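Numbering (mature numbering (1 follows the signal peptide of the UniProt record, and there is no 0)), first residue to last: -26 to -1, 1 to 91. Below: one structure, written as structure tokens.
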Amino acid sequence: MRRINKIVGCAAAAFSVLLGLPLVSAAPAQALSCPYPYVCLYDPDSGNRVGQFQDVTSGWQYITEDDYLFKNTRNDDVVYFLTGGGDVFCIPPNQDGWTQGSVKALRISWESECNVS
């Protein structure tokens, strides 16, 4: 079973790279604490929290462009990330992981499902 999971994971990563999508992993941020109802950002090297956001906004909240571990503790709200290259990706409620690529802004939305067009 572990071999199948590894193969599926590698295939998903390769497919994501071919499409130019950022890789999002759920494992790294699981041990990091973030109070409800916040979206927290962490330095992937040290694990230190470097940002904490709560406000739903109609525009982008700009941050230092970098890659981050993230944790979305909000139960009903998605988080959109803007990459350094201008692409947008979305994180559903109650998800955590690693952007594995440079992001420069985020926006918390009242939406309960991701809608990236």
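Virtual Cβ for every residue (Gly too), placed ideally from N, Cα, C. Fair warning: this is a prediction, and the values are worked out from it, not measured in the lab.
Beta-ladder partner(s) of residue i, from DSSP
| i | result |
| --- | --- |
| Arg81 | Tyr54 |
| Leu43 | Tyr16, Trp72 |
| Gly25 | Leu15 |
Distance between residue j and residue i (C-alpha atoms, nearest Å)
| i | j | result |
| --- | --- | --- |
| Gln74 | Leu56 | 13 Å |
| Glu39 | Asn89 | 23 Å |
| Asn49 | Pro11 | 8 Å |
| Ala(-15) | Val53 | In this prediction, Ala(-15) has a pLDDT of 44, which is less than 50 and means its spatial position is unreliable; what the coordinates show is noted afterwards. Going by the C-alpha atoms only, they are around 22 Å apart. |
| Thr31 | Leu6 | 25 Å |
| Ser76 | Gly33 | 19 Å |
Which listed residue (the options) has its alpha carbon closest to that of residue i
| i | options | result |
| --- | --- | --- |
| Cys14 | Ile82, Ser86, Ser91, Glu87 | Ile82 |
| Asn68 | Gln28, Lys45, Val24 | Lys45 |
Beta-carbon spacing of residue i, residue j below 9 Å
| i | j | result |
| --- | --- | --- |
| Asp41 | Pro66 | no |
Whole-angstrom C-beta distance between residue j and residue i, which should lie under 8 Å
| i | j | result |
| --- | --- | --- |
| Gln79 | Gln35 | Residue identity differs from the one stated: residue 79 is Ala in this sequence, not Gln. Rounded, the Cβ-Cβ distance is 6 Å, consistent with contact. |
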